[in-house]
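Quick note on numbering: the sequence shown equals residues 1 to 280 in full-length UniProt numbering. Yeah, the Cβ is synthetic: ideal placement off N, Cα and C, and Gly gets one too. Heads up, the thing below is written out as structure tokens.
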Amino acid sequence: MFRNQYDTDVTTWSPAGRLFQVEYAMEAVKQGSAAIGLRSKTHVVLASVNKASSELSSYQKKIFKVDDHIGVAIAGLTADGRVLSRYMRNECINYSYTYESPLPVGRLVVQLADKAQVCTQRSWKRPYGVGLLVGGLDESGAHLYYNCPSGNYFEYQAFAIGSRSQAAKTYLERKFEGFMDSSRENLIKDALFALRETLQGEKLTSAICTIAVLGVGEAFHILDQETVQGLINEFEVVGEEPPAPADEPAAPDQAGDAEPSPAPADQGPPADQGIAPMDI
């Protein structure tokens, strides 16, 4: 992307009426690992793909608890998401201390959008390079919002952000009509299937994904890896890979020269797949 005289700061408009710094921040959301949110009448499910910057590093946390009735999944710059989640947590604490009741989800989303919008009209600030899926439950029911770096916010039945999120959106668009009456287990199943669409052939396991659930009578919490792996196996998200055993007995029946050739072919893909893309 070539630089020009209109992207030096966030307050400079281009002749076409664009703020390039805001567009760059929204592009950072597309480069982050995928995050997915779904809601029904009684439950909200947030899911994210965990990525590591290298094979020696740990996975970055992409889902944060804000309060017992609110959680957030992020895509983009993890540091910005951590700062905004702390701000949301403080707002919930202050409201609960003042009014002795939980902060409505819609009001928190508006406050978050106002905070992001201020960064688009101050030359000494930069927009937050993170998108947030805010899931919550209040007296009006379950809610799922998306807050983008431009300061806009939208309410969704189901939504996906981050890298290769279009594949997940396509899956959600086919299923979203039944989400309102869906059960907790079916929401989790659809979240896992949508996550699998963003992996481009990579095997889905509990080590590379995080699932969080919130519902009526159920405070926001992140499911442990054993529970997630059990759900993956139950919903048959991960296949048994039947072709692998079939290739091994077929090799001895062929000529001796043909036996070593399948080995490098089988070893090739894991070497490529082991190189994880840089996550932000």
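*Where does G162 land, buried or exposed, given buried means 16+ other C-beta within 10 angstroms?*
Under this definition G162 is a buried residue.
*asked:* Can you tell me where the beta strand (DSSP E) holding E155 begins and where it ends?
replied: 153–155
*Use the C-beta contact count for I93: other C-beta atoms within 10 angstroms, 16 or more gives buried, fewer gives exposed.*
exposed
*Going by alpha carbons, who is nearest to D80 out of Y99, D68, D67, Q60?*
The residue with the shortest Cα to Cα distance from D80 is Q60.
*In three-state terms, what does DSSP make of I93?*
Residue state for I93 is assigned as helix, using DSSP reduced to three classes.
*Given that a residue counts as buried once 16 or more other Cβ atoms are within 10 Å of its Cβ, and exposed if not, what is K41?*
exposed
*asked:* Quick check on DSSP: helix, strand or coil for Y171?
replied: Here Y171 sits in helix by DSSP.
*Between the C-alpha atoms of R18 and Q31, what's the straight-line distance to the nearest angstrom?*
The straight-line gap from Cα to Cα measures roughly 21 Å.
*Report yes if the CB atom of A158 is closer than 8 Å to the CB atom of G37, and no otherwise.*
yes
*How big is the Cα-Cα spacing for T12 and Q121?*
9 Å
_Just verifying my parser: in three-state terms, what is the DSSP assignment at D80?_
helix
*asked:* Between the region 205–218 and the region 184–197, can you find at least three pairs of beta-carbon atoms closer than 8 Å?
replied: yes
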